[in-house]
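Here the structure is laid out as structure tokens; the discussion comes afterwards.
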Amino acid sequence: MKIFQEESKAVVQLVTKTVVFFMLVGTCLNTKAKPQKNFDINETAKNEIINYCARDVVDPFFLKETAATEYRYNKSDYIGGGAVSYFGVSSHNHPLGHPEYAEIEKSFYAFRPTHVLFEGTTIGRGITINSPRDSAIEDRYEVGLTIWLGLRAQVAVSGWDSELAETIADLNQYYPPRLVQGFYTLRFVSAEKDLGGHTGAALERRAVWKMKMLAEFARSEGIDYPMRTLEDLEKATKEVNPTITWSQVRNNWFNPFNWTKGQPWELYNFINRRENLFRNRVAYEKIARLVVDGKRVFIVAGRTHVPQHQPALDCVAKELAKRANG
């Protein structure tokens with residue numbers, strides 16, 4: 094009986110030691126499989142990730158929109174604590190009361206960001222923490238609401254866009270200044286006409302103002318934009334499409350996506366494609382920098398930017414995980 098008791102005691106001790114051993118092994122294995130989110134990563138590694146994943150920003154010409162295309166992007170499991178909530182709006186000109194404004198607010202408060210990005214460059218002086226919500230929307234549509242939400246929440250707010258000087262400098266590497274000026278002016282005119290409802294003398298005044306504004310800005314950057322008058326604009330229009338006048342230009346001249354090839358205005362499609370890709374790469378770098386620094390980033394922009402950025406932001410998540418897992 095005594096021998097049996099001693100053998101039983103030895104068996105219990107062996108089992109206990111075995112369980113403890115496997116618990117320790119399991120803990121080690123689990124620690125390796127699930128790295129801490131607050132891991133250390135130096136600036137060099139962060140820059141390597143950002144630069145590597147920039148290749149995955151989608152060229153707008155190759156963006157294939159389908160019924161399954163997502164215009165919202167939410168990711169909260171970046172190693173290091175970063176997170177993204179990206180809201181793509183269907184229009185930049187929704188009237189006050191449109192349901193997307195309420196959806197933006199709901200997403201914002203549910204996400205609780207530490208940094209807000211809007212499509213544009215500057216906050217401006219028209220919107221403050223004390224501005225009424227509706228006046229912010231009436232002033233700058235979804236951009237105004239996004240800025241207002243960030244200011245009210247007292248978090249960092251900034252634009253994700255490239256500066257106009259940077260964009261113009263990039264385009265001037267590929268196209269002559271006169272063509273770039275015509276592109277910006279006619280794109281503005283088409284939006285003022287088709288979306289803003291301007292016609293006749295009002296549209297003429299807006300076109301002349303845009304040409305002069307661009308010329309003055311370009312001069313400050315050491316670039317000569319020659320067009321100043323409606324006659325200059327008409328000549329530039331006829332060079333692209335002899336069959337219409339400047340006031341008849343349509344939005345499809347400026348589609349950066351998979352346009353119908355062979356149209357007379359196709360050159361402007363190419364310019365817009367180049368501009369769109371440049372802006373998206375600048376925006377991606379700003380978003381990715383905040384993410385790798387562990388920020389919770391809330392973004393509102395035109396909806397096609399979301400699927401153009403998604404592969405690159407997914408890449409950042411994968412590369413962070415690789416670094417964390419060693």
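Residue numbers for the sequence shown, in the working numbering: 94 to 419. A virtual CB, placed ideally from N, CA and C, is assigned to each residue, including glycine.
Proximity below 8 Å, CB of residue i to CB of residue j
i, j, result
"I142", "Y194", "no"
"A376", "H398", "yes"
"P404", "F154", "no"
"G387", "G175", "yes"
"K274", "M304", "Note on residue identity: the sequence assigns Gln, not Lys, to residue 274. Taking 8 Å as the Cβ cut-off, Q274 and M304 qualify as a contacting pair."
"T278", "K286", "no"
"E368", "L264", "yes"
"I240", "I216", "yes"
"V236", "G243", "no"
"E212", "A394", "yes"
"R396", "Y164", "yes"
"L323", "V301", "yes"
"P270", "Y234", "no"
"K168", "L406", "yes"
"P188", "V248", "no"
"A308", "R321", "yes"
Element boundaries [alpha helix (DSSP H), containing residue i]
i, result
"L406", "H398 to A417"
"D386", "It is not in any alpha helix (DSSP H) - D386 carries neither H nor E in the DSSP assignment."
Sequence-distant residues of the same chain with beta carbon closer than 6 Å to residue i, five excluded per side
i, result
"C408", "C146 and D149"
"A410", "Y171"
"S255", "R372 and V375"
"W339", "L326, E327 and T330"
"W346", "W358 and Y361"
"F276", "Y361 and I364"
"H402", "Y377"
Backbone secondary structure at residue i - three-state DSSP
i, result
"I134", "coil"
"F350", "coil"
"A161", "coil"
"V375", "helix"
"S340", "helix"
"V250", "strand"
"P153", "helix"
"Y268", "coil"
"I172", "coil"
"N365", "helix"
"A256", "One point to set straight first is that residue 256 is Glu, not Ala, in the sequence displayed. Three-state result, E256: coil."
"N140", "helix"
"N345", "helix"
Contact set for residue i: own chain, Cβ-Cβ below 7 Å, skip 5 residues either direction
i, result
"R416", "I134 and A138"
"V151", "P400, Q401 and P404"
Residues of its chain near residue i, where Cβ-Cβ distance is below 8 Å and the 5 sequence neighbours each way are ignored
i, result
"A262", "E314"
"T162", "P400"
"V113", "Bear in mind that the predicted position of V113 carries a pLDDT of just 43, short of 50, making it too unreliable to give a figure here."
First and last residue of the uninterrupted beta strand (DSSP E) at residue i
i, result
"S228", "From DSSP, S228 is part of no beta strand (DSSP E) but of the alpha helix (DSSP H) over R226 to A246."
"R165", "R165 to K168"
"I392", "R389 to G395"
Proximity test, Cβ basis, 8 Å: residue i and chain C
i, result
"Q274", "Chain labels in this structure do not include chain C; a single protein chain is all it has."
Segments of 4+ residues assigned as alpha helix (DSSP H) that fall wholly inside the segment 273-326
293-313
Restricting to runs no shorter than 3 residues, where is the beta strand (DSSP E) found entirely within the segment 177-221?
208-211
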